[in-house]
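In the numbering used here, the protein residues as written are 3 to 467. In this text, a Cβ means the ideal position worked out from N, Cα and C, and glycines have one as well.
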Ligand SMILES: Cc1cc2nc3c(=O)[nH]c(=O)nc-3n(C[C@H](O)[C@H](O)[C@H](O)COP(=O)(O)OP(=O)(O)OC[C@H]3O[C@@H](n4cnc5c(N)ncnc54)[C@H](O)[C@@H]3O)c2cc1C
């Protein structure tokens, strides 16, 4: 390997590192923008599709951001950048508006084009393998090409959802939509078809909105283990947000739950919004997560995660209003329960389910089942050919709970033996194993800015004759 190290790039015998970013969704594009801002590095971005979109922002025009406009800036130090960009294009928006996700994709790709395209080489291809050699890293592409780099950033983003338990009998059937983010995923669904959504989180809300846009008016059931639906954001003009709680270092999971629950209750009793308590945990989340024991993490994932998700990853009220209207009209039933088995035939799908708290089995017949469980976190299963290859060769390490790739505090990837790579980094929600919350734009843009600062200081020794 080349000697890649942190040093001042003014010594004549060193040159700036060549950086390859694999994946040009939000995270990869944001990193390229921040690297262009700091300057100096030579950057190649490998992305098979449009830069700056990914599955989230290449969306159906009816899908809204689930974070208000004032918190969606690419630049942590310029929080209203997206808001200003949108207003300059005639979009009526306040800091608390939930703008369309497709508009956000336009903001990211246009900013990339304006700030970084001149200094970033974009390679339209899929990366298949990454190998370390004596002269740096070699990335092999699906089209047969190669890219050489001194530092590589894995930013391959959101894997498609994993098939939920109980659906083995319909995998491969045209009546099962395994990946709702695939283009035309809902094309075969008739306006009056009965639908079963498996998953009741943000992805289910997206699909409900898409079905409405397509004129769907058939009966819908949405099922998850606990039947929990995302809660609303703070309302503009509603009660003021509660103050964040102070958490002592080393607080146990049980202690944290007690504290947060009590603070939320006290806030509501005091006429304040509980959302402030949850939002106040944001900055402390990685430290709290790092401080939990393996047993606490597993307890959290098994019992508390669904509650955390609906309180933390909330939905715009206009979207929840659509859910309430469907429920009031009897067109949508939210079911807490489990699917035991399923079978597809030419005219539909038969599903056997058991409602939470009941011993009875229930037979349900629908025209289509849609998987709305959200991105898979097990990268050995869903992470695509590149991550599967790196995991199988021990080049990178997945955590025991299969939440993501293990990384150092500088975002460097860990090898299977736990040692830290020089020159291989991870950006995006794959860092959840160590940070837990590294999913939404406010966290990802901070991660991209910090990594850009680190990478732009890397230099490489130049061999002299
Ligand atoms: C449906 C959805 C909606 C979301 N909405 C919001 C929101 O409203 N607000 C918010 O703050 N956050 C939201 N998020 C969370 C977060 O902002 C997004 O997940 C964001 O898109 C993450 O960006 P990313 O670049 O890490 O991943 P992705 O957007 O998934 O991008 C990864 C990119 O890598 C490319 N890629 C994959 N494999 C390879 C390979 N082998 N070689 C080269 N390229 C490859 C893909 O083509 C893709 O473009 C949403 C997430 C999802 C899934």
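Residue i versus the options, residue with shortest Cα-Cα distance
i: residue 353; options: 107, 171 and 30; result: 171
i: residue 297; options: 429, 255, 391 and 280; result: 255
i: residue 151; options: 346, 263, 140 and 331; result: 140
i: residue 2; options: 175, 158 and 207; result: Residue 2 lies beyond the stretch modelled for the chain, which goes from 3 to 467, so this question has no answer here.
i: residue 317; options: 25, 68 and 215; result: 68
i: residue 475; options: 26, 36, 60 and 27; result: In this structure the chain extends from 3 to 467, so residue 475 is not present and cannot be described.
i: residue 372; options: 213, 304, 62 and 102; result: 213
i: residue 52; options: 104, 383 and 40; result: 104
Residue i, enclosing beta strand (DSSP E) - first and last residue
i: residue 139; result: 138-143
i: residue 151; result: 148-151
i: residue 411; result: Element bounds for residue 411: n/a, residue is neither H nor E.
i: residue 198; result: 197-200
i: residue 345; result: 334-347
i: residue 1; result: For residue 1 there is no data in the structure shown, the boundaries of the chain being 3 and 467.
i: residue 365; result: 364-368
i: residue 254; result: Where residue 254 is concerned, there is no enclosing beta strand (DSSP E), given that its DSSP letter is neither H nor E.
i: residue 360; result: Counting along the chain, residue 360 falls outside any beta strand (DSSP E), and DSSP gives it neither H nor E.
Own chain residues within Cβ distance below 8 angstroms of residue i, not counting five before or after
i: residue 300; result: 403
i: residue 362; result: 356
i: residue 320; result: 66 and 100
i: residue 120; result: 38
i: residue 351; result: 172, 175, 177, 178, 198, 344, 345, 367, 368, 369, 370 and 371
Residue i Cβ short of 7 angstroms to ligand 1 heavy atom set
i: residue 373; result: no
i: residue 145; result: no
i: residue 111; result: no
i: residue 427; result: no
i: residue 377; result: yes
i: residue 115; result: no
i: residue 277; result: no
i: residue 84; result: no
i: residue 471; result: In the structure as shown, the chain begins at 3 and stops at 467. Residue 471 is therefore absent and cannot be evaluated.
i: residue 443; result: yes
i: residue 122; result: no
i: residue 360; result: no
i: residue 133; result: no
i: residue 77; result: no
i: residue 388; result: yes
i: residue 287; result: no
i: residue 453; result: no
Host alpha helix (DSSP H) of residue i (start-end)
i: residue 29; result: 28-40
i: residue 423; result: Careful: residue 423 lies outside any alpha helix (DSSP H), inside the beta strand (DSSP E) at 422-428.
i: residue 444; result: 443-458
i: residue 295; result: Where residue 295 is concerned, there is no enclosing alpha helix (DSSP H), given that its DSSP letter is neither H nor E.
i: residue 96; result: From DSSP, residue 96 is part of no alpha helix (DSSP H); its letter is neither H nor E.
i: residue 394; result: 386-394
i: residue 131; result: Run containing residue 131: none in the alpha helix (DSSP H); it sits in the beta strand (DSSP E), 129-135.
Cβ neighbours of residue i in the same chain (closer than 6 angstroms, five flanking residues each side left out)
i: residue 223; result: 198, 335 and 337
i: residue 444; result: 73
i: residue 377; result: 160 and 161
i: residue 98; result: 70 and 238
i: residue 358; result: 338 and 339
i: residue 440; result: 431, 433 and 434
i: residue 411; result: none
i: residue 282; result: 246
i: residue 265; result: 247 and 279
i: residue 456; result: 412
i: residue 436; result: 409
Contacts around residue i, its chain only, beta-carbon distance under 7 angstroms, and the 5 residues preceding and following it disregarded
i: residue 183; result: 57 and 162
i: residue 236; result: 243, 275 and 277
i: residue 10; result: The predicted position of residue 10 is uncertain, since its pLDDT is 49 and thus under 50; no value can be drawn from it.
i: residue 464; result: 15, 16 and 17
i: residue 144; result: 127, 128 and 130
i: residue 40; result: 454, 455 and 458
i: residue 29; result: 157, 159, 429, 430, 446 and 450
Rounded C-alpha distance that separates residue i from residue j
i: residue 107; j: residue 54; result: 6 angstroms
i: residue 241; j: residue 274; result: 5 angstroms
i: residue 211; j: residue 186; result: 15 angstroms
i: residue 426; j: residue 413; result: 9 angstroms
i: residue 276; j: residue 458; result: 40 angstroms
i: residue 422; j: residue 408; result: 9 angstroms
i: residue 234; j: residue 34; result: 33 angstroms
i: residue 20; j: residue 43; result: 6 angstroms
i: residue 169; j: residue 202; result: 16 angstroms
i: residue 114; j: residue 50; result: 16 angstroms
i: residue 451; j: residue 77; result: 8 angstroms
i: residue 398; j: residue 446; result: 21 angstroms
i: residue 155; j: residue 218; result: 42 angstroms
i: residue 31; j: residue 125; result: 13 angstroms
Any chain D beta carbon closer than 8 angstroms to residue i
i: residue 157; result: Of the protein chains in the structure, only one exists, and it is not chain D.
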